Every structure is written in C-alpha cells, then in structure tokens.
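Novice:
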Amino acid sequence: MRAVNLKSNWAILLALTIGAQLPIGKAHALPVFARQTGQECIACHISFPELTPYGRYFKLTGYTIGQRQWVPLAMMAQEGITSISNNNSTDNTGAPNGSVINRDNNPLFAGYSIFLAGKATDFLGAFIQYTYNNVSNAQSPAAQLKGATATDNTDIRAVYKYYEPSELELNYIFGFTLNNNPTVQDVWNSTPAFGFPFTTSPVAPTPGAATLIDGGLAQQVAGYGVYAYLKKTLYVEFSLYQTADGMLSWMRHGQDPSSEARLQGVNPYYRVALTHDWGPHSAMIGAYGINARVYADNNNPSAGTNRFVDNAFDAQYQYITNPHVVTSQFTFIYETQHQDANFASGAASNPTDVLKTWKAKLTYYYQRKYGATFQYFDTAGTIDPLLYPPGSDPSFSSSINGFLNGSPNSRGQIYELDFVPIQNLRLMLQYTAYNKFNGGSNNYDGFGRNASFNNTMFLNIWFAY
Amino acid sequence: MIKGLAVLVAVTTVLYCELSRGDEPTADTKKAASKVAVELCSACHGPGGQSVSPLFPRLNGQVEQYLVAQMRAIKGKTRADPEASEFMWGMVRSLDDSVIVALAQYYANQPPMHGAATGPAALREEGNKLFHNGVPANKIRACADCHGDNAEGQYIYPREIEGASIFPRLAGQHSAYLVRQISVIQNQLRDSPIMHGIVRQLTEDQKQALATYLESR
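Residue numbers (my numbering), protein chains in the order written: chain X, 5 to 469; chain L, -7 to 209.
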C-alpha cells in the first residue's frame, strides 16, 4: 500500500488556503443569479447559501429580479480533506476491519454541480441543481470511491406580485412552488434544506438517526404548494408531497430505488413565519411540519407504511452592517413516528416512537470575508432496540454504525472558520465534535468505539461560477 | 452685437439646462418608474425611499438632480465605491435615462426622509456646530454653506459653489451611511474631488458627530 505522507497533504491544502489570502483582484465572474441581477453575491447572501433580507425577497419573487440570461447556467465544485479522530473500524465479530473511511487525510474531490437557474419570465423562475457526487460509497471496506450523478435541490416558482396603487412597497407576494425537498423552498436558513452546516465532509461518519423532515425526503419526492408573504410580516405556505413518479420522476433521477423513501399518496406540509426588520436587524419566528406516510419496503408496498408527523419551531436573527454581520438560527423538530408497518414486521420494538432534534447556530462575519460559526446539535428519542440495532447486528457490515442500547441519541458541536477571498471561493475549516453518537459516549458500537472517535476535522474549498 | 451675444448666451443656457435635465418623462414612463420603485427599489431602500437598514440610503425627499446625477454615475460606473458596484451597478444597468429621471422625481416628491435622535445630546450638538461652522483652522468649510442651513440640500444652477451646483439632502439620512460615504470620499473610493478636499481632514469622532446630528434632523 502506498505510504501516505499525512503532513504533506494537509500542508498542500493549507498552502492553497494561505496563498488565496494574497491580494486578488475583485472578481468580475459571477454565478448565474449574480449575472442576472448584475449584483455581487453579498447583495443576496451573508455567505452562500445564507440569505440576506434582499436575498429572501429575490427568492420569494421567484428568482425573477434582473435580466433573463440566455445561458442561465452556473456551476460549483468542492474539494477537501477529512480527518477523523480514530479511523480504525471493527466488523461485527470484533475483528479489525480496515479503515472507517478510505480517504482519511487525503485530498478528495467531493463533486460538482451544474445549475440551471434564474428568470424565465417576469413571473416564472427556477433553481435546478444537478450534481455529480464523487463519493457515493465512502466507507470501508469499499475498495475505491464510485461517483454518480443525480438531480439535486430543485425549486420552480411562479409568482404574482400585488400592491394597491397608493402603496409604496410590494406588500403582497403570492407564489406557487414545485420542488423536491421539503424546506428547499424556504427562505430562512433555520430549516433543514439550506440550514447549517452548509457543507460537510462527504466521507465522515454521521449519526444514524434523524427526523424525516431533516433531509429524509430530499430529492426523492415532488412537492407542490402555494405561499403568500403579506406586508413583509406574515408568511404562510401549504404544500403537498408525493413520491416523484411519472412525469415528475426527473426530480428524483439518480436515486437508488431500493433505498429511497417512497411516499403513499399526497402528504401535507405547512410553514408559517412572522418577520420584522428594524434598522440593521432582521428577525423571524416560525413553525413548519409534515405528515408523511413512508413505505416500509419499496419492493413490497403491501407491507404497509410508517407515518411520520413532524412539527417544528424555528427562529432566525440577523444583524447586518458594514463591516460586522452576526446571524443566528435555531430550530426544534419534534417527530412522532407511527411505526405501523415496522412494528407489525418486527423491524421496530414500539408501535410509536418519538425523535427530537434541536440545533442552535451563531455566526459572525467581518467584511463578509472572515467568518466564524458555532453550532450545537442534539438528537434524542425513544429507545427502540429493533429500530436502532447494535453494532453486533449481522445486518451491519461494520460496527461503527451500531446503536448503544437501542438509543438514537447523538449530540455535539460544530466549529467552523471561513475565508472568502473572492466572492466565488470559500475556504473552510470545520471541526465536528461528538459528545454522544448513536446512543452512547463510550463504546457506543459494542466494540470499544467512542463517540469522540468520529470527531471530524474537515478542510474544504468551495468554488462557484 | 452685445444684444446678439446676450441672446446667444441665453439660448445656450436654456439648451444646456434642458440637455442636462433630460426630457420630462411621459405618463407611461412615470408609471414604469413607479413600478420599479415599488417592486424593486423598495426591497432595500424601503417604502417610498424611507429605508430601514443603514446599509441602504434613504431616498425620500432627496434633491431630484442629485438622484439623477448619482444614477447616471452608477450606470456609467463612474461612481465606483464598493457598495455602489456590489449592489447598484446591476440595479441601474437596465434603466434608460427617461426612467432614471422619472425615478428621481418619484423619490424627490416623497415626504422627506427622517431619522431618530440617537446618541448623546452632546454628540449631536457637536455635530450641529461642525455642520454650521466647519473647522476653519483645518480649512473645513461649514457644510451648511452648500447643503443648506437645514441640511435640506439644494440645486442652484446656474450658480455654483466651488464648481458644483447640486448638493444632496443630508437631514434625516442614516448616520452609518453618512459616515461610510465620508469615509469612501476621504479614501477616494468615491470620485468626488470637491468633497474630498473638504472632508479629508475630518476625524472619526467628527464624522460620527456630524452624522448623528444629521440623522436627527
């Protein structure tokens, strides 16, 4: 096996990071929305993808501000290095089983995305992302990485703007959204789709339990709904989600049919938010949720469904001045899992389980160039040994994904430093620390692996054009 | 001959005024400008130009000719301070000159901008003195000489003061925005030779005092 000089790889990427701090001329190359509006990225973003009040207005009005581009394309790519605290795994017999991740401490091209996005007419716009994921089988014992392409976040909008002749601002925005990920259409960064962390290591282990609305349906469903933003104060939305089948199947193109989430019928989603801007401050409090029936076995629909009822509370605060920006997001998701099919088939120990997640994040940016973020996350729920099996379960090829005593609980912190030397490029150093992972702090997998073994240092370059 | 020369000067003056001001917008152009103001400009500059965020200047009750001059400078990219290029170049690029004039009239005709009295009264009083008296020792002339005794701004063409005839309203403007503009003028990030000469010796405290006073007017 080729000897790897660990220090040289980090040194190379750090050198690139430091090199990027040398004076660089102002970028004239702009991603597609910036090309459409003629504005710099900071007009709409704190730091992509987090939105400013104007950025939220741009999205709510259907991505239609500015001049339609004849080539409405953009791209982004990411490259990084991941290092986890302990990269040694064991199999379900306790024997050494190679590395947890097969590209630890090595530069790794994570993938790229192509965007078809922007204004179609004064009333119609879209955000369509198609992604090549270079890391679709990241964990050992895979011999090598295998990439795959798939439809990513998609949001197509039609909008109607209304105001009385005597009014001086746009007080009524009505819209229709067609999208493939609950909360991708949301304009606040406290909801899962565009919530922090905005990028993570493509190879590091992550906790096994998450609520359905927290990415569980992403790019597997088609949602259609209507929304209204009234007097810059009240936002209301109602949408329905179904499996992206038939003429909407392109919205889940590239997903694995055997493992993707498939919904029964149409499933309701709601979102309400109250907002207020004053001086340099912008604040929101809101709620969102989904009630979804998910098939237990995609190959056997007669096996029935499990119903997930997610209700969430969220809040956001932004303080935006020149040169200081402070932002904060919070969300609490409460999920009731009606394990109708799983309990009947013996895949769950309880007919009903609860899973709760909360996240709180604080960000500071100086001159929109130098940023620091801290987030605390915590997931906890009902003990269910069949739903959250231990690492010794034969269904796991490696022990690291096992759960301790049937507990889904995980919690930890994320620390992140960002540098944006030019608007197209973000350099990031992110550290994720786990106090608890899959139910335990110590020996969560039954073979001596501690939560902290999965602590991850991730150095990343994110380029967009 | 003198009479003929006088007629020539008068005609030239009238023509120059008309060329500088631009043709009076039509009713359709005014309607289009109003639509732009409500659907686009208000997103940052607030309803009728009374912006909420200090990142974006208030426009309501601003001197019409000043707004025309600034929008033309932004469109021509001769105004190149960072915020102008980052936010405004794209906004104005697709506006034709008649809409620019109509937009300027729209905002000039709004009820004048107003701000809050913030900061210590002593700071505002210092700003008051600076505004009306300047700093003669540093050859900083009084702002009121050009911007008006009440900081209301003025357009005094064909008369000029130090080569300029358009002076923006400052009363009621965001103090943070005023401080920032003085700073970019001091650093010559915004091309304003006359203003640069006047403000280049203002200290940070003096800028803050002036701006705090002006927002409270």
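Backbone N, C-alpha and C fix where the C-beta goes; we use that ideal spot for every residue, glycine too.
The structure presented is a predicted model; accordingly, all values stated were derived computationally and were not measured.
Helix, strand or coil: how does DSSP classify residue 77 of chain L here?
Specialist: Helix at residue 77 of chain L.
Novice: Do residue 221 of chain X and residue 186 of chain X have their CB atoms nearer than 8 Å?
Specialist: Closer than 8 Å, so yes.
Novice: Taking Cβ-Cβ distances shorter than 7 Å, what residues in chain X pair up with residue 229 of chain L?
Specialist: For chain L, the structure presents residues -7 to 209; residue 229 of chain L sits outside this window and is missing.
Novice: Quick check on residue 123 of chain L: does DSSP put it in helix, strand or coil?
Specialist: Helix, per DSSP.
Novice: Between residue 32 of chain L and chain X, is any beta-carbon pair separated by less than 8 Å?
Specialist: It does; some Cβ of chain X falls within 8 Å.
Novice: Going along chain L in order, which residues have a C-beta closer than 7 Å to the C-beta of residue 529 of chain X?
Specialist: No answer is possible for residue 529 of chain X: it lies beyond the span of chain X, which begins at 5 and ends at 469.
Novice: To the nearest angstrom, how far is the alpha carbon of residue 414 of chain X from that of residue 332 of chain X?
Specialist: Approximately 22 Å between the Cα atoms of the pair.
Novice: May I ask you to list, following chain order, the residues of the stretch 75 to 90 of chain L that have a beta carbon less than 9 Å from some beta carbon of chain X?
Specialist: Listed in sequence order: 75, 77, 78, 79, 80, 81, 82, 83, 84, 85 and 86.
Novice: Looking only at its chain, what residues have a beta carbon closer than 8 Å to the beta carbon of residue 186 of chain L, apart from the 5 residues adjacent to it on each side?
Specialist: Here the set comprises 154, 155 and 156.
Novice: Assign residue 197 of chain L to one of two classes, buried (16 or more other C-beta atoms within 10 Å of its C-beta) or exposed (fewer than that).
Specialist: Exposed, by the Cβ-count rule.
Novice: At 9 Å on the CB atoms, spell out the chain X contacts of residue 40 of chain L, in chain order.
Specialist: Within chain X, the residues near residue 40 of chain L are 172 and 173.
Novice: Within the continuous beta strand (DSSP E) that includes residue 80 of chain X, where are the two ends?
Specialist: Taken as a continuous stretch (DSSP letters only), the beta strand (DSSP E) holding residue 80 of chain X covers 77 to 88.
Novice: Determine the burial state of residue 234 of chain X: buried for a count of at least 16 other Cβ atoms within 10 Å of its Cβ, exposed for fewer.
Specialist: Looking at its Cβ environment, which holds fewer than 16 other Cβ atoms inside 10 Å, residue 234 of chain X is exposed.
Novice: Report yes or no: is there a C-beta of chain X within less than 8 Å of the C-beta of residue 44 of chain L?
Specialist: True, the Cβ-Cβ gap to chain X drops below 8 Å.
Novice: Are residue 184 of chain X and residue 248 of chain X close, meaning C-beta to C-beta below 8 Å?
Specialist: Yes. Within cutoff.
Novice: When you compare the CB of residue 25 of chain L with every CB in chain B, is at least one pair closer than 8 Å?
Specialist: This model lacks chain B altogether; the protein chains it does include are X and L.
Novice: Report buried or exposed for residue 328 of chain X, applying the criterion of at least 16 other Cβ atoms within 10 angstroms of its Cβ.
Specialist: The residue is exposed, with fewer than 16 neighbouring Cβ atoms inside 10 Å.
Novice: Of all the residues that make up the stretch 63 to 86 of chain X, which are near chain L by a beta-carbon distance shorter than 9 Å?
Specialist: Answer in chain order: 65, 69, 70 and 71.
Novice: Output, in chain order, the set of chain X residues within a Cβ distance shorter than 7 Å of residue 168 of chain L.
Specialist: 325, listed in chain order.
Novice: Are the C-beta atoms of residue 284 of chain X and some chain L residue less than 8 Å apart?
Specialist: Taking Cβ atoms only, chain L reaches closer than 8 Å to residue 284 of chain X, which makes this a yes.
Novice: So if DSSP puts residue 254 of chain X in a beta bridge, which residue, or which two residues, is it bridged to?
Specialist: Paired residue(s): none; residue 254 of chain X is not in a bridge.
Novice: Terminal residues of the continuous alpha helix (DSSP H) containing residue 213 of chain L?
Specialist: Past the boundaries of the shown model lies residue 213 of chain L; chain L is included only from -7 to 209, so the question cannot be answered.
Novice: If I follow the unbroken alpha helix (DSSP H) through residue 425 of chain X, where does it start and stop?
Specialist: That residue, residue 425 of chain X, is in no alpha helix (DSSP H); its beta strand (DSSP E) goes 414 to 426.
Novice: Which class does residue 243 of chain X belong to by DSSP, given the choice of helix, strand or coil?
Specialist: Residue state, collapsed to three classes: strand.
Novice: Quick check on the DSSP output: what are the complete beta strand (DSSP E) runs of length 3 or more inside the stretch 258 to 296 of chain X, in order along the chain?
Specialist: Complete beta strand (DSSP E) runs here, min 3: 271 to 282.
Novice: Report the rounded CA-to-CA distance for residue 78 of chain X versus residue 37 of chain X, giving the unit in angstroms.
Specialist: The straight-line gap from Cα to Cα measures roughly 9 Å.
Novice: Between residue 240 of chain X and the rest of its own chain, which residues show a CB-CB distance below 7 Å, the 5 nearest in sequence each way excluded?
Specialist: Contacts found: 231, 232 and 276.
Novice: Using a C-beta cutoff of 8 Å, does residue 165 of chain X count as contacting chain L?
Specialist: Judged by the 8 Å Cβ criterion, residue 165 of chain X is in contact with chain L.
Novice: What residue does the beta strand (DSSP E) around residue 101 of chain X start on, and which one ends it?
Specialist: Residues 100 to 103.
Novice: If you drop the 5 nearest sequence neighbours on each side, which residues of the same chain put their C-beta closer than 7 Å to that of residue 51 of chain X?
Specialist: If we look at residue 51 of chain X and ignore the five residues flanking it on each side, its Cβ neighbours are 369, 372, 375, 422, 424 and 430.
Novice: Do residue 438 of chain X and residue 213 of chain X have their C-beta atoms closer together than 8 Å?
Specialist: No, they are not a contact pair.
Novice: How is the alpha helix (DSSP H) around residue 137 of chain L delimited, first residue to last?
Specialist: Its alpha helix (DSSP H) spans residues 136 to 139.
Novice: Taking the continuous alpha helix (DSSP H) assigned at residue 198 of chain L, which residues delimit it?
Specialist: It spans 196 to 207 - the alpha helix (DSSP H) in which residue 198 of chain L sits, taken as one unbroken run.
Novice: My guess is that residue 168 of chain L and residue 325 of chain X are in contact by the Cβ rule of under 8 Å, so how many angstroms apart are they, rounded?
Specialist: With 8 Å as the limit, residue 168 of chain L and residue 325 of chain X qualify as a contact, their Cβ atoms being about 7 Å apart.
Novice: Mind pulling the chain L residues with CB within less than 8 Å of residue 418 of chain X?
Specialist: Neighbours of residue 418 of chain X on chain L: none; closest Cβ ~29 Å, over 8 Å.
Novice: Measure from the C-beta of residue 42 of chain X to each C-beta in chain L and report whether the shortest distance is under 8 Å.
Specialist: It does; some Cβ of chain L falls within 8 Å.
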